[in-house]
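In this note's numbering, the protein residues as written are 47 to 206.
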């Protein structure tokens, strides 16, 4: 009988301790799962950005190559007077929008960037192409690449 009397004095202390341990372990597990979910989101966002950057760089090269093959009808040869409003939209490639602007100030052509074999009477039509792509869920992120292009041309109207 002494043994039964001792068991009645425990009154569920082991059960309460076990429940506290279960709650603690559950809290740790939830924290670890939440942390891994954040890591997955960060990794996915980095992957999406890298993918968008690679696509954008390919599209920029394609825009420049397409305009270079146009010969005398290339938009790169447009003067500032031929570009209404200061910018002109180039053809869209995939999801990339391309906007070109002329960097020449006034009617004078700009001297070309420095080169080793300088030729007198050669000036440059300086243009800038801004290529923009949107990416991510709901297309809320954008990346823009700005390319400067100097088109050499013969000119007596050189400013600089």
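Note that the Cβ used here is the ideal one computed from N, Cα and C, for glycine as well.
All figures in this text were calculated on a predicted structure; none of them were measured in a lab.
Rounded to whole angstroms, how far is the Cβ of residue 142 from the Cβ of residue 102, which I believe are closer than 8 Å?
With 8 Å as the limit, residue 142 and residue 102 qualify as a contact, their Cβ atoms being about 6 Å apart.
Are the CB atoms of residue 190 and residue 171 nearer to each other than 7 Å?
No.
Should residue 98 be labelled buried (16 or more other beta-carbon atoms within 10 Å of its own) or exposed?
buried
Among 93, 114, 173, which has the Cα closest to the Cα of residue 41?
Outside the displayed span of the chain (47 to 206) sits residue 41, for which this structure offers no information.
For residue 195 and residue 93, what's the separation of their Cα atoms in angstroms?
30 Å
May I ask which residues mark the beginning and end of the alpha helix (DSSP H) holding residue 171?
Counting along the chain, residue 171 falls outside any alpha helix (DSSP H), though it belongs to the beta strand (DSSP E) covering 168-181.
When DSSP labels each residue in this structure, what does residue 118 get in the three-state scheme?
helix
Using the Cα positions of residue 197 and residue 187, report the straight-line distance between them to the nearest angstrom.
32 Å
Residues near residue 181 by beta carbon distance below 6 Å, same chain, minus five either side:
94, 98, 187
Keeping to the same chain, check which residues put their C-beta closer than 8 Å to that of residue 136; ignore five residues upstream and five downstream.
109, 113, 121, 144, 145, 146, 175
Which of the three DSSP states, helix, strand or coil, is assigned to residue 138?
In the structure shown, residue 138 sits in a strand (DSSP, three-state: E or B).
I'd like the list of long-range same chain contacts for residue 74, defined as Cβ closer than 7 Å, with 5 residues on each side in sequence excluded.
Closer than 7 Å at Cβ, skipping near neighbours: no residue.
Quick one: grab the DSSP three-state call for residue 125.
Residue 125: coil per DSSP, three-state reduction.
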